[in-house]
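**Student:** Quick one: this structure, given as structure tokens, is what I'll be asking you about.
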Amino acid sequence: DAGVTQSPTHLIKTRGQQVTLRCSPKSGHDTVSWYQQALGQGPQFIFQYYEEEERQRGNFPDRFSGHQFPNYSSELNVNALLLGDSALYLCASSGGTGQNTEAFFGQGTRLTVV
Amino acid sequence: KQEVTQIPAALSVPEGENLVLNCSFTDSAIYNLQWFRQDPGKGLTSLLLIQSSQREQTSGRLNASLDKSSGRSTLYIAASQPGDSATYLCAVRLGYSTLTFGKGTMLLVSP
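Sequence lines, in order, name chains R and D. To get my numbering, take the position in the first sequence, counting from 1, and add 1. To get my numbering, take the position in the second sequence, counting from 1, and add 10.
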């Protein structure tokens with residue numbers, strides 16, 4: 002089992018550009034969540050996808066959008082990049098909704114906006 | 011709104027010491043709590059999951075406890091090693107929804 006995989010690992014973009022980050026969930030997981038982690042902070046929830054629909058969204062602007070495919074993989078898109086979007090973007094997958102629901106994270110994508 | 015606080019923010023200990031990391035949360039209606047480890051610039055590795063109906067979980071030298079009514083969890087690391095040096099994050103889950111994280115405790119174990 003490859004676990005949660007994210008691509009690319011590092012990315013440098015110019016302010017105003019658009020970026021797409023990708024995530025493949027752990028085998029058997031149907032739910033994908035995206036988090037943004039600024040330096041020295043805990044991860045902040047962006048949104049969650051389940052059955053190809055956005056199920057919940059955090060306090061992030063509409064410039065942040067996503068998609069989930071039938072194979073449960075997911076993309077995070079960020080438009081009109083700002084310097085403040087520079088962060089580690091983490092994808093987490095999980096399955097089920099009970100108390101034993103455990104989240105597994107990928108290695109992250111380091112986005113630098115210059 | 012759920013808030014998670016971790017104390018201390020940083021901790022430096024000599025190898026071999028036993029140590030305790032603390033996590034507190036404001037909304038006790040949680041489904042579960044997870045402890046994660048994060049190495050610099052890397053993703054999160056799940057260490058322990060405690061369901062809301064449980065009091066503690068153990069994995070090797072790690073033991074995590076949960077007191078839901080008081081909104082507290084502790085992570086106990088026995089006989090610390092330099093390889094334990096990392097940032098430890100606590101996160102709580104409300105229902106099927108998202109995880110809410112603390113800012114983490116940065117641990118340095120010196121040889």
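We put the beta carbon where it would ideally sit given N, CA and C, even for glycine.
Any beta carbon of chain R sitting closer than 7 Å to that of serine 95 of chain D?
**Tutor:** No, no contact with chain R.
**Student:** Rounded to a whole number of angstroms, what is the C-alpha to C-alpha distance between alanine 93 of chain R and tryptophan 35 of chain R?
**Tutor:** Taking the straight line from one Cα to the other gives about 6 Å.
**Student:** Give the residues of chain R in contact with leucine 99 of chain D, contact being defined as C-beta atoms less than 8 Å apart.
**Tutor:** Gly43, Pro44
**Student:** So which residues on chain R does phenylalanine 111 of chain D lean against when the C-beta distance must stay under 7 Å?
**Tutor:** Simply Gly43, Pro44.
**Student:** Quick check on the DSSP output: what are the complete beta strand (DSSP E) runs of length 3 or more inside the stretch 56 to 120 of chain D, in order along the chain?
**Tutor:** 66 to 69, 72 to 77, 82 to 87, 96 to 103, 109 to 111, 115 to 120
**Student:** For the beta strand (DSSP E) containing lysine 14 of chain R, name the first residue and the last one.
**Tutor:** Residues 11 to 14.
**Student:** Quick check on the DSSP output: the beta strand (DSSP E) that includes leucine 40 of chain D runs from which residue to which?
**Tutor:** Per the sequence shown, residue 40 of chain D should be read as isoleucine rather than leucine. Looking at the DSSP string, isoleucine 40 of chain D is not in any beta strand (DSSP E), and its letter there is neither H nor E.
**Student:** Give the residues from the stretch 59 to 90 of chain D that approach chain R closer than 7 Å (Cβ to any Cβ), ordered along the chain.
**Tutor:** Leu59, Gln61, Ser62, Ser63
**Student:** Helix, strand or coil for leucine 40 of chain R, going by three-state DSSP, please let me know.
**Tutor:** coil
**Student:** Which of the three DSSP states, helix, strand or coil, is assigned to serine 29 of chain D?
**Tutor:** The sequence as given places leucine at residue 29 of chain D; serine does not occur at that position. Reduced to three states, the DSSP call for leucine 29 of chain D is strand.
**Student:** Report yes or no: do the stretch 15 to 22 of chain D and the stretch 23 to 31 of chain R share at least 3 C-beta pairs separated by less than 8 Å?
**Tutor:** Two segments are said to touch when three or more pairs of C-beta atoms, one from each, lie closer than 8 Å; by this definition the stretch 15 to 22 of chain D does not touch the stretch 23 to 31 of chain R.
**Student:** What is the rounded straight-line gap between the Cα of asparagine 28 of chain D and the Cα of tyrosine 50 of chain R?
**Tutor:** 40 Å
**Student:** Give a yes or no on whether the C-beta atoms belonging to lysine 113 of chain D and glutamine 42 of chain R are separated by under 7 Å.
**Tutor:** The answer is yes: Cβ separation under 7 Å.
**Student:** Taking the beta strand (DSSP E) that glycine 67 of chain R belongs to, which residues open and close that run?
**Tutor:** 65 to 69
**Student:** Any beta-carbon of chain B closer than 7 Å to the one on glycine 53 of chain D?
**Tutor:** As a matter of chain content, chain B is missing from the structure shown, whose protein chains are R and D.
**Student:** Just the chain D side, please: which residues come within less than 8 Å of glutamine 100 of chain R by C-beta, in chain order?
**Tutor:** Within chain D, the residues near glutamine 100 of chain R are Tyr41, Asn42, Gln61, Ser62, Ser63.
**Student:** Kindly say whether threonine 15 of chain D, judged by its beta-carbon, lies nearer than 7 Å to any beta-carbon of chain R.
**Tutor:** no
**Student:** Can you pull the chain R residues whose beta carbon is under 9 Å from the beta carbon of serine 56 of chain D, in chain order?
**Tutor:** Using a Cβ-Cβ cut-off of 9 Å, serine 56 of chain D is close to Glu103, Ala104, Phe105, Phe106 of chain R, given in chain order.
**Student:** Closer than 7 Å by C-beta to glycine 96 of chain R: which residues in its own chain qualify, once you throw out the five before and the five after it? Chain order, please.
**Tutor:** Gly29, His30, Asp31, Thr32
**Student:** Is there a C-beta anywhere in chain R that falls below 7 Å from the one on threonine 115 of chain D?
**Tutor:** So no, threonine 115 of chain D is outside the interface.
**Student:** DSSP three-state label for leucine 122 of chain D, please.
**Tutor:** Here chain D comprises residues numbered 11 to 121, so residue 122 of chain D is not present and cannot be evaluated.
**Student:** Taking just the CA atoms, how far does leucine 58 of chain D sit from glutamine 64 of chain D?
**Tutor:** 12 Å
**Student:** Between threonine 113 of chain R and isoleucine 13 of chain R, is the Cβ-Cβ spacing less than 7 Å?
**Tutor:** yes
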